[in-house]
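Following: one structure in structure tokens, then a few remarks.
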Amino acid sequence: MNNSVNDYHPPYNAIISGHGSFIPDKILTNDDLAKMIDTSDEWITSRTGIKKRHITNDNESTALLATEAAKNALERANLDPKDLDLIIVATVTPEMVFPSTANFVQAAIKANNAWSFDLAAACSGFVYALSIAQQFIENGRYKNALVIGAETLTKITDWTDRASCILFGDGAGAVILERGKENQKGIMYSSMYADGNGWEVLNCQAYGSRYPSSKKLDDPKKIYMQIKGREVYQQAIRRIVETVNHCLDHCGLTIDDVDMLISHQMNARIIESAVKRLNLPDEKIFININEYGNTSSASVPIAFDECASQGRIKKGDIVVLVAFGAGLTWGANVIEF
Ligand code: UT7
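Read in the numbering used here, the sequence shown has 605 at position 220, and its numbers run on one by one without any break.
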């Protein structure tokens, strides 16, 4: 495993002082999908654990979801937006090609003293973004960062492709990362990975520079997400297990020290297989894919917000966030909450 710096002790700790989420009201159930394509609630539930997903309407965009999640996180942290130094929005369904979705959020919440940018790492976007914000807080450069995962995946979903359209939903989650007091550990360690050779198994190819909107597409389906689910399945399990084990080793922790594992919600069966290999009991895993489907970069912060709001994690607990997704990308953050 790479990027281990065992003897690094940052001057400051980065703690999560607020969390929030925003979910669109409109719901699409498995039974609704069964009226649109050749599928069934039984097939979707047994293969993925998904029962429904929330979907945006035409007036709901990624920046809107991100802004509402940010407001909730700021309120919980009791932080004035003017005290934010940095805003990162992890997304692969941005508001526009440019400017960044993060800039729309910055304007909407009036975070006049923050700089802001988007990060594209698909389902690993939030854990990637958290590890970047962590660096700025730990080295003392900044005091407060807002990290958001926000997606409107249903706007790039091919509703005729039963292999993919059953999986995805929309939503946003956010956390405030603050400089902590000396006795608060906060984010103890983050470890991120990528393998660009695996880009073909999960992607949305139009409209970037390879397939610009000014040219007719050779395959009109390139405007939609395309996935080779089978090829992702086993690798996701393997990467989650090895990344979590590496992070625990690095922190001098064992699996028994973990109070809660919050995985990217890509498929309940993938998460269950991974936690079985990790030897984690069911009560230490948070799963909410049944309600939201796969919301890519939004899934970890939405799950974190729900988990914390439900009192399933308390101050001092060891929480591991882990994600795997398109790119390929994967990574984990170990947090003392
Ligand atoms: O966050 C990272 C992104 N997430 C992923 O990439 C998801 C990872 N992969 C998965 O979750 C699973 O591979 C899926 C849930 C997507 C698919 O499950 P699977 O067990 O790997 O199914 P499969 O693609 O191998 O297809 C098995 C059968 C096929 O029929 P035949 O060829 O055996 O007759 C499919 O045509 O199931 C059929 N099928 C469906 N049947 C009913 C595929 N999708 C559906 C459907 N309803 N929605």
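Don't be surprised by glycine CBs; every beta carbon is placed ideally from N, CA and C.
Quick caveat, the model's predicted, so the values are computed rather than measured.
- Assigned with DSSP and collapsed to three states, residue 439 falls in strand.
- Fewer than three pairs of CB atoms, one per stretch, sit closer than 8 Å, so the stretch 458-468 makes no contact with the stretch 672-679.
- A distance below 8 Å between beta-carbons, with the five flanking residues on each side excluded, links residue 528 to the following residues of its chain, in chain order: 468, 470, 522, 563, 564.
- The C-beta distance from residue 577 to residue 716 rounds to 4 Å, short enough to meet the 8 Å contact threshold.
- Approximately 5 Å separates the beta-carbon atoms of residue 718 and residue 575; this is inside 8 Å, confirming the contact.
- With respect to residue 490, residue 473 sits apart: the two C-beta atoms are not nearer than 7 Å.
- A distance below 7 Å between beta-carbons, with the five flanking residues on each side excluded, links residue 721 to the following residues of its chain, in chain order: 570, 571, 573, 701, 703.
- When DSSP states are grouped into helix, strand and coil, residue 405 belongs to the strand group.
- For the pair residue 608 and residue 621, the CB atoms are not nearer than the 7 Å cut-off.
- In this structure, DSSP gives residue 608 a helical state, which the three-state scheme calls helix.
- In terms of side-chain proximity, the C-beta atom of residue 617 is found nearer than 6 Å to a non-hydrogen atom of the ligand UT7.
- Remark: the C-beta of residue 651 is in contact range of the ligand UT7, defined as less than 6 Å to any heavy atom.
- The criterion of a C-beta distance shorter than 7 Å is satisfied by residue 648 and residue 707.
- Looking at 443, 483, 552, the one whose alpha-carbon comes closest to that of residue 428 is 552.
- Here residue 493 has 452 as same chain residues with Cβ atoms under 6 Å from its own Cβ, once five neighbours each way along the sequence are excluded.
- In the DSSP secondary-structure assignment, residue 579 is bridged to 714.
- For residue 500, the secondary structure class from DSSP, reduced to helix, strand or coil, is strand.
- Shown here, residue 658 sits in a helix according to DSSP, grouped into three states.
- If you check the C-beta of residue 624 against the ligand UT7, you find no heavy atom less than 6 Å away.
- Residue burial annotation: residue 599 is exposed, with fewer than 16 other C-beta atoms found within 10 angstroms of its C-beta.
- Per DSSP, residue 471 is not a residue of any alpha helix (DSSP H); the beta strand (DSSP E) it occupies stretches across 471-475.
- By alpha-carbon distance to residue 626, the top candidate from 646, 642, 611, 616 is 646.
- Restricting attention to beta strand (DSSP E) runs no shorter than 3 residues, the stretch 495-579 encloses them at 500-504, 529-537, 555-564, 571-579, ordered along the chain.
- In this structure the stretch 432-446 touches the stretch 544-559; the number of beta carbon pairs closer than 8 Å is three or more.
- Rounded to whole angstroms, residue 448 and residue 535 show a C-alpha spacing of 8 Å.
- In this structure, the C-beta of residue 612 approaches the ligand UT7 to less than 6 Å from one of its heavy atoms.
- Bridge partners of residue 463 according to DSSP: none are assigned.
- Scanning 639, 631, 589, 446 for the CA closest to the CA of residue 604 turns up 589.
- A residue is called buried once 16 or more other Cβ atoms fall within 10 Å of its Cβ, and residue 425, having fewer, is exposed.
- Between residue 540 and residue 680, the alpha-carbon positions lie close to 12 Å from each other.
- The ligand UT7 never approaches residue 656 closely enough for any of its heavy atoms to be under 6 Å from the residue's Cβ.
- In the DSSP assignment, residue 648 falls within the unbroken beta strand (DSSP E) covering 645-648.
- No heavy atom of the ligand UT7 is found nearer than 6 Å to the CB of residue 500.
- Bridge pairing for residue 414: 437 [DSSP].
- Contact annotation, residue 411 with residue 439: C-beta distance approximately 6 Å; criterion of less than 8 Å satisfied.
- Per the Cβ contact rule, the stretch 684-697 is in contact with the stretch 397-406 (3 or more Cβ pairs under 8 Å).
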